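Quick notes on the structure that follows.
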Amino acid sequence: MGTNAAMERKGMKKGKARGLLGELAAFTGQLFSNGFETQCGALCHRIDAATGGIEVLLVTSRESGRWIIPKGWPIKGKTLHRSAEIEAHEEAGVRGKARKKPLGYFTYLKAKDDGTLAPCTVEVHLVEARSVDTTFREKGQRRIEWVSCAEASRRVREPELKGLFMIAERKLRKA
Numbered sequence: 059m060g061t062n063a064a065m066e067r068k069g070m071k072k073g074k075a076r077g078l079l080g081e082l083a084a085f086t087g088q089l090f091s092n093g094f095e096t097q098c099g100a101l102c103h104r105i106d107a108a109t110g111g112i113e114v115l116l117v118t119s120r121e122s123g124r125w126i127i128p129k130g131w132p133i134k135g136k137t138l139h140r141s142a143e144i145e146a147h148e149e150a151g152v153r154g155k156a157r158k159k160p161l162g163y164f165t166y167l168k169a170k171d172d173g174t175l176a177p178c179t180v181e182v183h184l185v186e187a188r189s190v191d192t193t194f195r196e197k198g199q200r201r202i203e204w205v206s207c208a209e210a211s212r213r214v215r216e217p218e219l220k221g222l223f224m225i226a227e228r229k230l231r232k233a
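Numbering (our numbering), first residue to last: 59 to 233.
So, in structure tokens, the structure goes:
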């Protein structure tokens, strides 16, 4: 269920809260009473053999079709960086090695199955793509594209995630 439907259930008009900050502001009470839920994210990267440039992976959300990175709930018994590796494979077929130290974090509102919105903080880990499988769990449910960091930054909606692509590019160029 989308954000607009949840806002309408709470008695808010569709255009009243605009943008991500407006959406978050509408749920201030929920944000501070329940806190944020934690997810893990995989910022997958590789070197384009033809150009030598850095490419990063974008996938579409199953619900809205917007561009995001592979992400999901932590897996019981796994660290967040290992959970990020698993998410990358399930959502895009990427097999790779995640860095233990997070690249950074971004926040967003997750529409849950019961129609409520959960404020989430995503801990993002760089994942070096070593191979890409042609079959994987969510194949056919998402679009997948490898793009430049600048293009990824243009396509995603979350402001903090936009910045993480630029941080990733600087870190990877130094490596």
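Every residue, glycine too, gets a C-beta built ideally from N, C-alpha and C.
Since the model is a prediction, treat every value here as computed from it, not as a measurement.
Query, Result
"Measuring CA to CA, which of A150, W131 and E149 is closest to S141?", "W131"
"If distances are taken between C-alpha atoms only, which option among W204, H183 and R213 comes closest to Q97?", "H183"
"Exposed or buried, G69, counting other C-beta atoms within 10 Å across all chains shown (16 or more means buried)?", "Legend: pLDDT at G69 = 41, less than 50; position of this residue unreliable, value from coordinates given subsequently. Under this definition G69 is an exposed residue."
"State the DSSP-derived secondary structure class of T192, mapped to helix, strand or coil.", "coil"
"Which runs of the beta strand (DSSP E) spanning at least 3 residues fall entirely within the segment 103–132, listed in chain order?", "112–118"
"What do you get for P160, buried or exposed, if any count of 16 or more other CB atoms within 10 angstroms of its CB means buried?", "buried"
"I'd like the list of long-range same chain contacts for I225, defined as Cβ closer than 7 Å, with 5 residues on each side in sequence excluded.", "L161 and G162"
"How many whole angstroms separate the CB atoms of I133 and A100, which I take to be in contact at a CB cut-off of 8 Å?", "About 13 Å; that fails the 8 Å criterion."
"Output yes or no for whether 8 Å exceeds the beta carbon distance between A146 and G154.", "yes"
"How big is the Cα-Cα spacing for T137 and E181?", "11 Å"
"Start and end of the alpha helix (DSSP H) containing R153?", "From DSSP, R153 is part of no alpha helix (DSSP H) but of the beta strand (DSSP E) over V152 to A156."
"Closer than 6 Å by C-beta to S189: which residues in its own chain qualify, once you throw out the five before and the five after it? Chain order, please.", "R153"
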